[in-house]
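Those letters in the sequence shown? Residues -17 to -1, 1 to 284, by mature numbering (1 follows the signal peptide of the UniProt record, and there is no 0).
In this text, a Cβ means the ideal position worked out from N, Cα and C, and glycines have one as well.
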Amino acid sequence: MRLISLVLVLAVLAVNAEKKEKNPHAHGFGDDIEWVKWDNAISTAMDVHKPIFLLVHKTWCGACKSLKNAFRVSTNRGDLVKLSEKFIMTNTEDDEEPEDEEYAPDGGYIPRIFFLDEFGKRLPVDNKKAYPNNHYYYPQVADIIKGMEKALKLVEGEGKKETESKKEEEAKEVKKADQKEESEEKKEEEKTGGCPHAAKAKAKKEKEQKAKKEKKDSAKEEKKSKKEKKEKKDDASDEESKEAKKEKKSDDKEKKSSKKSGEGKKKEEKKEKAKSDKSKSKDGEKKEKKEKSKKNAKTEL
């Protein structure tokens, strides 16, 4: 009877605690652990280079409710929370469960707990020694803590191996570069009769010649650029000169046309004047004749 009462009290405490949770992704497993949504777990893990703790459970599952209570009241809760800081912690409830077979290798029983690398791949950590038929079933918090510690050792070991491998590769590259340099120096020495000073002098001379050639090429390019600019300027000047000549020719033509028109007008005026003078002369002659005729008539009388 006392046992039943204790279980009921624990269940009520768990329900009340779940209601008070601020993190919607905690699902009753406690706000003192930083739970993240499964959809964001892998990208977050890759950003911070941490392994992933994945817990799959259902609201209707009795074993899942028992695990939730164990999480709440375990005397190892402090260690669990401390270790959780080294993981990206995620728990999926009901339909949130990932469909990938990677997370149901020995069946779809619940609850299941997986320890994954930062890319979401399962690490070789399980509880099959205690549960041969359900390798990823962890009903006790103490077993979960052991699994977390094992996962961290594996990840740290892989990290060390990766770092060592990188260092070895870098050392090989440096060695290769040194060997290449030594080989080139040796070739130069052979060319100069084995004298290192002569090889250095030759290298210096080659460097100076290269610099001189670059300077010469640069001056050549500059000269070419100036020449092109001058040609462009001359072309522009020629165009302007052509335009000016064209305009002058047009003006001369206009003036000539105007002059011709003026001369024609003068000629016409001269012609009119001559005509007028002739007419006047005829009129004068007529008048003179008339006067003479009158005079003669008077004389006869």
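Determine, using beta carbons only, whether residue i and residue j come nearer to each other than 8 angstroms.
i           : j    : result
N59         : V124 : yes
R105        : E85  : yes
T73         : L50  : no
I127        : I96  : yes
Y120        : Y92  : yes
I71         : I16  : no
residue 304 : V39  : Absent from the model: residue 304. The displayed extent of the chain is -17 to 284, so no value can be given.
G13         : F54  : yes
G130        : N110 : yes
K33         : K69  : yes
The alpha helix (DSSP H) with residue i in it runs from where to where?
i   : result
R60 : R60 to S67
I25 : W21 to V31
According to DSSP, simplified to helix, strand and coil, what is residue i?
i      : result
F54    : helix
I16    : coil
M(-17) : With a pLDDT of 47 at M(-17), under the threshold of 50, the predicted position of this residue should be treated as unreliable, though the coordinate-derived value follows. Reduced to three states, the DSSP call for M(-17) is coil.
List the endpoints of the continuous beta strand (DSSP E) containing residue i.
i   : result
F36 : I35 to H40
Between residue i and chain C, is any beta-carbon pair separated by less than 8 angstroms?
i    : result
V138 : Protein chain content of the structure displayed is limited to a single chain, and chain C is not contained in it.
Margin query: I'd like to know if the region 128 to 140 and the region 90 to 104 are in contact, where contact means that at least 3 CB-CB pairs between them fall below 8 angstroms.
Written below: yes
Notebook entry, point to check: On the three-pair Cβ rule with 8 angstroms, is the region 71 to 82 touching the region 32 to 44?
Noted result: yes
Notebook entry, point to check: Which full runs of the beta strand (DSSP E) of 3+ residues lie inside the region 76 to 118, going along the chain?
Noted result: 95 to 99
Note to self: Would you call the region 60 to 67 in contact with the region 23 to 31, where contact means no fewer than 3 C-beta pairs closer than 8 angstroms?
What the structure shows: no
Checklist line | Inter-stretch contact (C-beta, 8 angstroms, three-pair minimum) for the region 13 to 20 and the region 106 to 115 | finding: no
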